[in-house]
Every structure is written in C-alpha cells, then in structure tokens.
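Trainee:
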Amino acid sequence: MNAINEVKMLAAKKGITLTQLAEYLTKNTNKKYSLDTLSKKLRANTIRYSEMKIIAEALDMELIIQDKK
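Read left to right, the sequence shown gives residues 4 to 72 (this note's numbering).
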C-alpha cells in the first residue's frame, strides 16, 4: 500500500479528513499545508519523516521504525 492510501485509511478510521490533517500540519509547523500540497507529497512519496510524525500525532498514533523479525 502506498503512503496516500495508508494515511487516508488510518485517517478514515479516526474520522479525520486529509484537509484536517493539512490544517494540523500547518498549525504544528512553520509551513502552510493545503489538501493539494499534502496529497501531492503523499502521492509522490516526498513526505518527510518529521511530517509523518506530526500526522501520526494528529491521528493519536505512534510512528515506529523497528527491526524486521
């Protein structure tokens, strides 16, 4: 699954739209995010780790990188 579908699925489970995520990113960074900007970053896989951490926070989740088992 690609980044945009993964984020959309997780957001839908939490009842949050991509527009709301973009607003949350704007509020918690020094950058302006729109639905279009966020969608393009997710589609092109150019979203930064720091942005994904903020998205995880907005979704009340943790972003974890761990060794494969």
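Cβ atoms here follow ideal geometry from the backbone N, Cα and C, with glycine treated the same way. Source: prediction; values computed, not measured.
So, with DSSP's three-state summary, where would you put residue 64?
Mentor: Of the three classes helix, strand and coil, the one that applies to residue 64 here is coil, per DSSP.
Trainee: Could you tell me how far apart the beta carbons of residue 54 and residue 28 are, in whole angstroms, since I believe they sit closer than 8 Å?
Mentor: Their Cβ separation, rounded to whole angstroms, is 6 Å, which keeps residue 54 and residue 28 in contact under 8 Å.
Trainee: Evaluate residue 2 with the Cβ neighbour count: other Cβ atoms within 10 Å of its Cβ, from every protein chain shown; 16 or more gives buried, anything less gives exposed.
Mentor: There is simply no residue 2 to check, as the chain begins at 4 and stops at 72 in what is shown.
Trainee: For residue 31 and residue 47, I'd like the C-alpha separation in whole angstroms.
Mentor: So the two alpha carbons sit approximately 22 Å from each other.
Trainee: With residue 40 as the anchor, note down where its alpha helix (DSSP H) starts and where it stops.
Mentor: Residue 40 -> alpha helix (DSSP H) spans 38-46.
Trainee: So residue 5 is in the alpha helix (DSSP H); what residue range does that whole segment cover?
Mentor: It is not in any alpha helix (DSSP H) - residue 5 carries neither H nor E in the DSSP assignment.
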